[in-house]
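Here's the structure we're looking at; comments come further down.
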Amino acid sequence: MDKIISRVSRDLKDNGVSVIPNVFSESQCKEYVQILDDLIENAPSNSKNRINEDVQSINNYFRHHPKLLDLVYIPILDKLFKHLIGNDHVLISANTFNRSKKVGIKQNTDYEHSKNAGHNWHIDSDYIGGIRIESGFSYQIIIMLEDFTEENGATHYVPDSHKIRTRPDRDAEYDYKIITGKAGSIGIIDSGLWHRSGGVTPISRWGVFNCYGPWFVKPYFRFPDMLGENTGKNLSPQLRRLLHYRSTPPLNEEERLNTVINEIED
Ligand SMILES: [Fe+2]
Numbered sequence: 015m016d017k018i019i020s021r022v023s024r025d026l027k028d029n030g031v032s033v034i035p036n037v038f039s040e041s042q043c044k045e046y047v048q049i050l051d052d053l054i055e056n057a058p059s060n061s062k063n064r065i066n067e068d069v070q071s072i073n074n075y076f077r078h079h080p081k082l083l084d085l086v087y088i089p090i091l092d093k094l095f096k097h098l099i100g101n102d103h104v105l106i107s108a109n110t111f112n113r114s115k116k117v118g119i120k121q122n123t124d125y126e127h128s129k130n131a132g133h134n135w136h137i138d139s140d141y142i143g144g145i146r147i148e149s150g151f152s153y154q155i156i157i158m159l160e161d162f163t164e165e166n167g168a169t170h171y172v173p174d175s176h177k178i179r180t181r182p183d184r185d186a187e188y189d190y191k192i193i194t195g196k197a198g199s200i201g202i203i204d205s206g207l208w209h210r211s212g213g214v215t216p217i218s219r220w221g222v223f224n225c226y227g228p229w230f231v232k233p234y235f236r237f238p239d240m241l242g243e244n245t246g247k248n249l250s251p252q253l254r255r256l257l258h259y260r261s262t263p264p265l266n267e268e269e270r271l272n273t274v275i276n277e278i279e280d
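Residues 15 to 280 (our numbering) make up the sequence shown, in order.
In structure tokens, the structure reads:
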């Protein structure tokens with residue numbers, strides 16, 4: 015097996031967290047940051063995205079610029095998640111956040127609600143009967159489009175918490191570590207790891223936060239309806255899988271019997 019895949023798989027099992035450096039180049043990161051800054055600048059005043067003095071965020075970023083689809087299908091991660099989750103794994107959610115202080119920015123959503131997004135200890139998995147789903151079920155990734163450091167609000171996590179099946183106290187003071195890396199790195203966490211955002215600073219810190227899981231998990235949004243069939247026809251088989259074009263249930267048994275549609279990917 016690929017050395018990176020086995021190292022990251024081991025990190026995730028043992029520590030619940032891993033970082034792969036140099037996945038994207040500096041110039042690619044700059045291009046993505048420019049696109050996101052432009053999307054914030056040109057966001058309509060009725061946008062539901064969190065855009066205020068403390069956080070700038072574009073949910074489902076890939077629907078606003080085709081270039082950003084490169085941040086959904088990332089070959090090294092696809093290989094990793096085929097190994098960890100299965101060949102039919104999908105995208106569950108996709109968001110971008112910059113927690114830089116931007117005094118005077120046009121605020122277009124409810125400030126108090128927006129300020130607290132991801133700010134308290136939480137997991138990105140879920141609970142059944144009060145017990146958290148087993149670790150290894152789904153993974154949250156952080157694409158660092160700018161350097162993630164201790165000074166600019168990089169994500170905090172509680173070491174070994176992916177082995178705890180109860181809920182974190184949202185406001186407790188736990189011992190924590192910080193997920194840092196140079197621009198172009200990707201942090202990966204088990205979605206059961208207790209984590210929170212690192213807070214608001216004056217330094218720009220654009221990150222892409224995607225969650226990947228097994229095909230039978232409901233995504234946060236109906237991606238095929240969002241993008242449409244015409245777009246779907248022109249996507250690669252990998253993106254069609256990740257965006258649920260290949261695992262949305264058929265209408266009835268006359269449409270087809272299987273839920274998952276297999277396509278050759280290579
Ligand atoms: Fe989270």
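By construction, the Cβ of each residue, glycine as well, lies at the ideal position given by its N, Cα and C atoms.
Range of the contiguous alpha helix (DSSP H) that encloses residue i
i      : result
ASN29  : 17-29
ILE90  : 89-98
GLY242 : 237-247
TYR46  : 40-55
GLN252 : 251-256
Between the CA atoms of residue j and residue i - distance to the nearest angstrom
i      : j      : result
SER107 : ARG179 : 22 Å
ILE202 : GLN121 : 31 Å
PRO173 : LYS191 : 7 Å
LYS300 : GLU40  : Residue 300 is absent from the structure shown; the chain starts at 15 and stops at 280.
GLU165 : ASP28  : 27 Å
LEU265 : PRO238 : 14 Å
GLU67  : LEU159 : 20 Å
ASP25  : GLU267 : 43 Å
ILE217 : VAL69  : 12 Å
LEU83  : GLY213 : 27 Å
THR163 : ILE155 : 16 Å
SER139 : ALA186 : 19 Å
LYS116 : ASN56  : 15 Å
ASP189 : THR273 : 44 Å
GLY143 : LYS232 : 19 Å
ASN60  : GLN48  : 22 Å
ARG254 : ALA131 : 29 Å
PHE76  : GLY242 : 13 Å
Residue-level contact to chain C via CB, residue i, 8 Å cutoff
i      : result
GLN252 : Checking the listed chains, one finds no chain C in this structure; it contains a single protein chain.
Check whether residue i and residue j have beta carbons under 8 Å apart
i      : j      : result
ILE99  : TYR234 : no
GLY198 : VAL33  : no
ASN101 : TRP220 : no
ASN244 : VAL86  : no
ILE193 : VAL31  : yes
PRO182 : TRP135 : yes
ILE200 : LEU91  : yes
SER23  : HIS97  : yes
PRO251 : GLU279 : yes
ILE2   : ILE65  : The requested residue 2 does not occur in the structure, where the chain is confined to residues 15 to 280.
GLY150 : THR215 : no
Nearest residue (CA-CA) to residue i, options the options
i      : options                          : result
LEU207 : LEU249, THR169 and PRO58         : THR169
TYR46  : TYR188, ASN60 and VAL222         : VAL222
LEU256 : GLY132, LEU26, SER211 and LYS93  : LYS93
LYS44  : GLY242, HIS258, GLN70 and ILE157 : ILE157
SER114 : SER71, ASN134, PHE237 and LYS232 : SER71
ASP7   : ASN56, LEU26, VAL22 and PRO35    : Nothing about residue 7 can be read from this structure; the chain reaches only from 15 to 280.
TRP229 : ILE275, GLN48 and ASN266         : ILE275
LYS81  : ILE119, GLU148 and GLN42         : GLN42
SER211 : SER250, TYR171 and ILE200        : TYR171
LEU271 : VAL117, THR262 and GLU187        : THR262
LEU50  : ASN60, SER23 and HIS78           : HIS78
PHE95  : THR273, SER20, GLU187 and TYR259 : SER20
HIS133 : HIS209, TYR75, ASN73 and ASN74   : HIS209
MET240 : ASN73, SER175 and ASN60          : ASN73
Buried/exposed call for residue i, threshold 16 Cβ in 10 Å
i      : result
TYR153 : buried
TYR141 : exposed
LEU53  : buried
ILE137 : buried
ASN63  : buried
LYS177 : exposed
THR110 : buried
PRO89  : exposed
ASP204 : buried
LYS17  : exposed
GLY195 : buried
ARG184 : exposed
ARG236 : exposed
Terminal residues of the beta strand (DSSP E) in which residue i lies
i      : result
SER71  : 70-73
THR307 : Within the shown structure, residues of the chain are numbered from 15 to 280, placing residue 307 beyond reach of any answer.
ASN224 : 220-227
ILE157 : 153-158
ASP285 : Outside the displayed span of the chain (15 to 280) sits residue 285, for which this structure offers no information.
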